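Sequential numbering of the sequence shown, starting at 74, is according to this note's numbering.
Every residue, glycine too, gets a C-beta built ideally from N, C-alpha and C.
None of the values given here were measured: they were computed from a predicted structure.
Okay, structure first, notes after.
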Amino acid sequence: MKRTLAIVFVVLVVVLGSALWKRHELFRRAARMPEFTAPGSVDSVVEVPMRDGVTLHTEIFLPEGVTKAPTILVRSPYEYLKPVEKLQCQTMTRYGYACVLQDVRGQMDSGGEWEPIVHEHDDGLDTLAWLVKQPFVDGNIAMRGPSYLTCTQWAMADALPPEVKTLVPSVFGTDLRKVFYERGLFRHDILTAWATLMPGRGMRQLAGNDYLAASKYLPPIDADEKFMTKKVSWYREALKASSPSDPYWDSEQMRAFRAMPEKATVPMLFVGAFFDPFFMAHRDTWDRLATKDQSVFAIGPWNHLGITSGDFDFSGAPGRLDQWPLMLEWFDHTLKGQPLKTLKPGTVRTFGVGDTAWVEHAKWPEEIPLTTLHLGGAAQSNTCAGGTLTATTSASEKTGFTFDPGNPVPTQGGAALLSFAFFRTLGITPGPVEQGQTCARDDVLTFRSEPVTTAQRLSGSGHLVLRVRSSAPDTAFVARLIAEQNGQALLVREDAATLAWPRGDVTEVQYTVPGTPAEVIIDFWPIEWVLPAGGRWRVDVTSSSFPALHVHSNRAGPWEEQTGFDVAKQTVELGDGLTRLELPLTAP
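Now the structure itself:
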């Protein structure tokens with residue numbers, strides 16, 4: 074028996090050792106990258122001093138046997154990502170690149186205090202000033218990394234030294250107003266989750282229950298002290314800034330960060346994801362990019378981690394690290410002078426849901442006439458049988474539901490989700506998730522079209538125009554655009570609006586007298602989606618989606634100070650062209 078256990082132990086050690094030794098080759102194959110061109114890496118560690126004396130822990134990975142090489146800089150706050158980033162750096166050395174991985178101020182082994190964004194401009198420039206003097210740098214530097222690792226790139230994009238030839242911004246944007254709020258509704262699953270994860274040094278990866286408790290707590294302004302270990306000033310500032318014209322957004326730091334795309338001086342490879350909570354901010358950043366004609370934007374059906382998720386069969390789509398071939402092609406071009414093979418500067422390439430190949434666009438979204446579908450069938454709209462979506466409008470009729478903030482509709486998929494990346498046990502999944510029997514709730518209205526006879530492509534931004542009344546002085550309306558296809562009901566997009574912020578062009582809060590009619594326009598984030606023949610478009614209308622959005626109290630005034638909530642009677646007026654769905658539909 075002992076001999077058998079010893080043999081098993083030896084076998085396990087050999088298997089694990091072999092996997093560790095082969096990890097770079099396994100990563101290469103998983104990412105579908107070409108064969109390595111160099112044998113390995115030589116690793117070292119230095120402490121790089123900043124202008125105020127704080128030192129930042131920095132690891133250097135050099136191609137074996139190479140004295141000078143193009144260099145990729147990565148600056149990260151994430152402890153749990155460090156093994157992955159080290160593996161990726163060591164993989165890049167096998168293509169002839171040096172890689173420098175740095176812990177940002179206040180995280181992991183670096184000195185100083187953690188304050189998101191605040192120090193990234195000066196610290197990044199100080200790091201680059203040190204890097205250009207290093208003997209292993211051949212004069213060509215790039216920066217890469219997703220999410221906050223992209224934030225560290227944008228923070229200093231206006232003052233890059235000439236040695237920096239490119240940036241690769243992934244799943245992040247510079248106008249954070251488009252990230253934190255949706256028409257006055259706070260995005261808990263982005264910022265509350267992130268603040269709970271890392272209110273200070275280190276990551277609280279077992280704090281998922283604290284995150285959900287903080288998202289439910291009243292008044293919201295005090296949730297940090299109870300569930301985030303302390304007062305978190307940057308989180309509180311965001312909670313108070315529901316208005317896009319709030320002074321918080323006009324601070325010097327926010328204005329400077331937001332304006333970085335217009336000040337960019339180098340070509341960039343944008344890597345975006347249709348089911349990423351930063352998608353709209355990322356696309357807005359692209360639209361304002363000064364070097365757009367020299368840059369490329371690649372958008373796939375991924376989530377914030379750059380992989381596919383949800384209930385759609387993505388087996389034929391790129392994902393599972395498939396962005397790495399794009400980045401390697403881009404680095405070979407911008408840092409080594411090699412010609413591009415598949416990427417074309419000045420274009421947006423998309424791989425949408427249902428696509429079988431990349432689609433290249435001179436401009437995206439393209440200008441496609443909107444198809445209007447009118448909401449009708451009030452009598453069936455409160456059931457899963459559903460009302461109608463038709464090309465012709467009906468006579469005036471009404472439908473509605475009771476919205477109880479104490480029993481919100483649960484979030485089921487979509488783009489505006491981040492907590493899944495670190496609070497995995499919560500079971501919150503982004504992407505095109507099956508909607509199940511949500512339509513059976515009595516606070517959800519459902520409308521569906523007839524089956525389409527030929528396939529349709531949804532390409533761009535749709536809109537839902539609602540004529541509503543509410544017994545509350547302020548309230549929310551949430552809409553889910555759903556594709557019913559191949560026996561599934563898949564979430565395409567979920568977006569929202571409030572009576573206080575009924576349209577995207579409203580910059581000052583609107584006041585409504587309870588019971589009076591109001592028009593609310595819900596703008597769906599743009600997407601590429603192929604609806605097969607036989608499929609139907611469906612829209613569900615409700616007033617909540619928790620925890621993606623904060624649950625509206627049905628009361629007017631600052632949401633973060635509310636200590637209770639009221640039940641509201643919601644009315645939706647149909648017919649006479651008042652309530653309609655507008656979609657940019659074309660042939661696949």
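Annotation for residue 495: no beta strand (DSSP E) segment contains it, and DSSP assigns it neither H nor E.
If you look at residue 598, you'll find it isn't in any alpha helix (DSSP H); DSSP assigns it neither H nor E. Within the same chain, and ignoring the five residues on either side of residue 415 in sequence, the residues whose Cβ sits closer than 7 Å to its Cβ are 402. Secondary structure note for residue 216: its beta strand (DSSP E) is the uninterrupted segment 210 to 219. Taking a cut-off of 8 Å for Cβ pairs, the stretch 545 to 552 and the stretch 622 to 632 touch, as three or more such pairs fall below it. Assigned with DSSP and collapsed to three states, residue 102 falls in helix.
The distance from the Cβ of residue 270 to that of residue 286 is about 14 Å, inconsistent with a contact at the 8 Å cut-off.
Per DSSP, reduced to three states, the secondary structure at residue 299 is helical.
Within the same chain, and ignoring the five residues on either side of residue 395 in sequence, the residues whose Cβ sits closer than 8 Å to its Cβ are 104, 105, 373.
Fewer than three pairs of CB atoms, one per stretch, sit closer than 8 Å, so the stretch 447 to 454 makes no contact with the stretch 305 to 323. Residue 494 and residue 468 have their C-alpha atoms spaced approximately 47 Å apart. Counting along the chain, the unbroken alpha helix (DSSP H) around residue 164 starts and ends at 155 to 166. A distance below 7 Å between beta-carbons, with the five flanking residues on each side excluded, links residue 526 to the following residues of its chain, in chain order: 606. In the three-state DSSP reduction, residue 396 falls in the helix class (H, G or I).
For residue 498, the closest alpha carbon among the candidates 193, 297, 283 is that of 283.
Classified as exposed, residue 153 has fewer than 16 neighbouring CB atoms from the shown chains inside 10 Å of its CB.
In the structure shown, the three-state DSSP call for residue 378 is coil. Residue 385 carries a coil assignment under DSSP once its states are collapsed to helix, strand and coil. Of the other Cβ atoms in all chains shown, 16 or more fall within 10 Å of the Cβ of residue 485; this residue is therefore buried. In the DSSP assignment, residue 560 falls outside any alpha helix (DSSP H), carrying neither H nor E.
In the assembly as shown, residue 125 is an exposed residue. Its beta-carbon has fewer than 16 other beta-carbons within 10 Å.
Under the three-pair Cβ rule at 8 Å, the stretch 164 to 176 counts as touching the stretch 105 to 122. If you look at residue 287, you'll find it in the alpha helix (DSSP H) that goes 281 to 289. The residues 148, 225, 228, 229, in chain order, have a CB closer than 7 Å to that of residue 197 in the same chain once the five nearest residues on each side in sequence are set aside.
In the DSSP secondary-structure assignment, residue 541 is bridged to 591, 645.
By the C-beta criterion, the stretch 553 to 562 is judged to be in contact with the stretch 599 to 618, since at least 3 inter-stretch pairs fall below 8 Å.
Distance from the CA of residue 540 to the CA of residue 404, rounded to the nearest whole angstrom, comes to 51 Å. Rounded to whole angstroms, residue 587 and residue 187 show a C-alpha spacing of 45 Å. Around the CB of residue 508, 16 or more other CB atoms lie within 10 Å, so the residue is classed as buried.
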